[in-house]
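Q:
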Amino acid sequence: MAQLPVLSMTDVRLSFGGAPLFEGVMFTLVKGERAALVGRNGAGKSTLMRVLTGQFGPDSGKLWLMPGLNIVAVEQEPDLSAFDTVLDYAAQDLDAVWMAESELGLFDVDPNADPKTLSGGQTRRAALAKAFARDPDVLLLDEPTNHLDVPMIESLESRLKSFPGGVLLVSHDRRFMENVTTNTLWLRDGKVMKSPRGYGYFDEWAAEIEASEEKLLTKMKTQMKAENRWLARGVTGRRARNMGRLRKLQGMRAEQAALRTSVNTAHATAGISAQVGDNQSRKVLETRGLSKSFGDLKIVEDLSMKILRGDRIGFIGPNGAGKTTLIKLFLGQLAPDQGSVKLNSALSVTYLDQTRDTLKPGDTLWEALTPSGGDSIMVQGHPRHVAGYAKDFLFKPAQLRQPVAALSGGERNRLTLAIALAKAADVLVLDEPTNDLDMQTLELLEDMLLGFEGTLLLVSHDRAFLDATVTSCLVPVGKGQWLQTAGGWSDARNQIASRSTASAAKKKPAAAANSSEAKRPIKLTFKDQHRLKQAETAIPRLTVEIETLQQDLADPELFNRAPDKFNTLSARLQSAQIELDRAESEWMEIEELKEGLTR
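Here our numbering = 1-based position in the sequence shown + 287.
#1: Is any non-hydrogen atom of the ligand ADP found closer than 7 Å to the C-beta of Lys403, if you look at the structure I gave you?
#2: Consult DSSP for Gln727 and reduce its assignment to one of helix, strand or coil.
#3: Which whole-angstrom value describes the C-beta separation of Ala265 and Val317, a residue pair presumed to lie in contact below a C-beta threshold of 8 Å?
#4: Does the separation of the CB atoms of Leu745 and Phe602 fall below 8 Å?
#5: Could you give the first and the last residue of the continuous beta strand (DSSP E) run that contains Gly601?
#6: Would Thr410 be called buried (16 or more neighbouring beta carbons within 10 Å of its own) or exposed?
#7: Where Leu888 and Leu702 are concerned, what is the direct C-alpha to C-alpha distance, given to the nearest angstrom?
#8: According to DSSP, is Thr315 helix, strand or coil?
#9: For Val587, which three-state DSSP category applies?
#10: So if DSSP puts Trp769 in a beta bridge, which residue, or which two residues, is it bridged to?
#11: Suppose you measure from the CA of Gly305 to the CA of Lys349; what does that come to, to the nearest Å?
#12: Who are the near neighbours of Trp351 in its chain, counting only those whose CB is closer than 6 Å to its CB and skipping five residues on each side?
#13: Give me the Cα-Cα distance between Gln309 and Pro402, rounded to the nearest whole angstrom.
#14: Please list the terminal residues of the continuous beta strand (DSSP E) segment that includes Phe394.
#15: Can you confirm whether the stretch 578 to 597 touches the stretch 617 to 628 when touching is taken to mean that 3 or more C-beta pairs between the two stretches lie within less than 8 Å?
#16: Would you list the one or two residues that DSSP bridges to Thr469?
#17: Contact defined as beta carbons within less than 8 Å: I believe Gly887 pairs with Ala711. What is the distance between those atoms, to the nearest angstrom?
#18: Determine which residues share a DSSP beta bridge with Gln625 and list them.
#19: Candidates Asp723, Ala707, Asn399, Leu656: which alpha carbon is nearest Phe739's?
#20: Which residue wins for smallest C-alpha separation from Ala633, given the options Lys570, Ala773, Lys766?
#21: Exposed or buried, which one is Gly775 when buried takes at least 16 other CB atoms within 10 Å?
#22: In whole angstroms, what separates the C-alpha of Ser803 from that of Gln771?
#23: Which parts of the stretch 840 to 880 are runs of the beta strand (DSSP E), unbroken and 3 residues or longer, counting only runs that do not cross its ends?
#24: Identify the continuous beta strand (DSSP E) that holds Lys647 and give its terminal residues.
#25: Would you check if the distance between the CB atom of Leu415 and the CB atom of Leu443 is smaller than 8 Å?
#26: Figure out for me which residue from Leu428, Phe314, Gln363, Leu393 has the closest Cα to the Cα of Val293.
#27: Would you decide whether Ala870 is buried or exposed? Buried here means 16 or more other CB atoms lie within 10 Å of its CB.
#28: If we count the other Cβ atoms within 10 Å of its Cβ and call it buried at 16 or more, is Lys949 buried or exposed?
#29: Between the stretch 484 to 492 and the stretch 451 to 470, are three or more C-beta pairs nearer than 8 Å?
#30: May I ask you to verify whether the stretch 354 to 373 touches the stretch 389 to 401, counting CB pairs closer than 8 Å and requiring at least 3?
#31: State whether the stretch 426 to 441 contacts the stretch 820 to 831, with contact taken as three or more CB pairs (one from each stretch) at a distance under 8 Å.
#32: Under 8 Å, do Ala360 and Thr334 count as touching if we go by C-beta distance?
#33: Residues in its own chain within less than 7 Å of Gly452 by CB, not counting five upstream and five downstream?
#34: On the DSSP letters alone, give me the boundaries of the alpha helix (DSSP H) that Met439 sits inside.
#35: Rounded to a whole number of angstroms, what is the C-alpha to C-alpha distance between Met336 and Asp366?
Spelled out as structure tokens, the structure:
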């Protein structure tokens, strides 16, 4: 049975006294859909959400909401300053205070905490708890993963996948979007296009749309075409860049792996140790027996390792694991309790920390980029005009005279990155650089980092960003113990999982496998045999059905021509995908059971 629409926009137009931000916007959100809202920086994604909540009214057109619809929004920068406790904030205008308290517990936030003492991650979790406590029919999430660590992000993913209502999601976290969304809304040139598939298929879908439009632009000059494609979204170009990035990163990782194979492991400690031949000219940093604790909390214990020129290391782990503390120990900003850190004093270091407190609110953007005056900025040792360099970071010429205080959180982050990346550095240290960044700036940053030939130390919870930029990861694996793994975040996760499995296997009694009391192979029950047969029948049938539905829904004019048919096919596609996931899970579960019974 097809799900009913919960809200829709029909021919909506909105302007703020000038050119329209939206014009002719049409889309429908169906119950159970989790739609990614994507678009270039400044396209109006957050504004579109504010139209849905009633903060802005459209100049013309129609916004329809299902009667009694409960819409709850989580904005980018929640404000808790007017509340004495977190519970006061989460339970605002809520009769069932226990629901707010329960949700705060699920998001691991102390309900009695003073909001002024919360970290960025705790503030974000409090805002999410407040939203879920209201039992919404529709959730509007604007950058919900900012400041969250990977375990909390994965917990939020699970929560959203089981959420029965509709979700409209804006996020720079590509892995999160891929894992959560079932549909995609592309806000482009003031209009909205809808895809029946999640964000994981966005590049493919957008490239098809761009390819069809490209036929109409064949008479334009090549340079103008490239500029228009960047302004529109830059998806096709992005794919080519991504392939180039992938090849370059694979080359870096191969070189890294080859170098690590020559490591002398004789000096290995309980943490990690990397001994490379005579590489004094390449050595950036060396730690020996490094230890640091705060009371009973061990940040690092007996860590001995070397970081060499060209290393690209991601520091990963949950909030509170000590990633930032470890960085500060490496840079000499904190003194160790025991051991030593030797940083090559001949190297220049650029450190961008989480606080971003280097900006002066009263300065204009121009003054922030050129503190010594003039109209040029030195970028990696070469002069650039300040307007041209600012444009690289998606700032418009009119913004150059705006005060820093007037910039949004994402714009302030872009400005801080622009200042930091302009400096010539041998070692680049970035602590959570992706917070509040839009997709285009993320891609720009990835390109810049892959072109950076020095040493990169990166703290981030953005899994896709780590996969795209680092060649090894430093991961906490116990009280004060850190393990260096090859590759990006996905590689680290697999290596840690394999390490845990191997460790568990060693703990099993060796005699268990040869015990005379070991059970003989047992056959599947009749019920399990029936489940297996059903799954094996359903999987190919659903696969064919999904492919047919996707082909039908690929028609970009279908929604405007036959909205009822589009909604029916879209709802069926979502149901079929859920059924296929369930059938595949059933099949895998029974296959694992069969394997276990025959051991």
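In this text, a Cβ means the ideal position worked out from N, Cα and C, and glycines have one as well.
A: According to the data block:
#1: Questions concerning the ligand ADP fall outside what the structure shown contains, since it holds no ligand whatsoever.
#2: In the structure shown, Gln727 sits in a helix (DSSP, three-state: H, G or I).
#3: For the chain, the structure presents residues 288 to 886; residue 265 sits outside this window and is missing.
#4: yes
#5: Gly601 -> beta strand (DSSP E) spans 599 to 602.
#6: buried
#7: A query on residue 888 cannot be resolved here, the shown segment of the chain reaching from 288 to 886 and no further.
#8: strand
#9: strand
#10: Pro763
#11: 21 Å
#12: Ser295
#13: Note on residue identity: the sequence assigns Phe, not Gln, to residue 309. Phe309 and Pro402: Cα-Cα distance of roughly 36 Å.
#14: Segment: none, Phe394 is in no beta strand (DSSP E) and carries neither H nor E.
#15: yes
#16: Bridge partners of Thr469: none, in fact.
#17: Look at the range of the chain in this structure, 288 to 886, and you will see that residue 887 is not part of it.
#18: Ser578
#19: Ala707
#20: Lys570
#21: buried
#22: Low confidence applies here, because Ser803 scores a pLDDT of 44, under 50, leaving its location unreliable and the question unanswered by this model.
#23: none
#24: Per DSSP, Lys647 belongs to no beta strand (DSSP E) and is neither H nor E.
#25: yes
#26: Phe314
#27: The residue is buried, with at least 16 neighbouring Cβ atoms inside 10 Å.
#28: Here the chain covers residues 288 to 886 and nothing more, so residue 949 does not appear.
#29: yes
#30: yes
#31: no
#32: no
#33: Closer than 7 Å at the Cβ level, and outside the excluded window around Gly452, lie Lys318, Pro423, Asp424, Val425, Leu426.
#34: 437 to 448
#35: 18 Å
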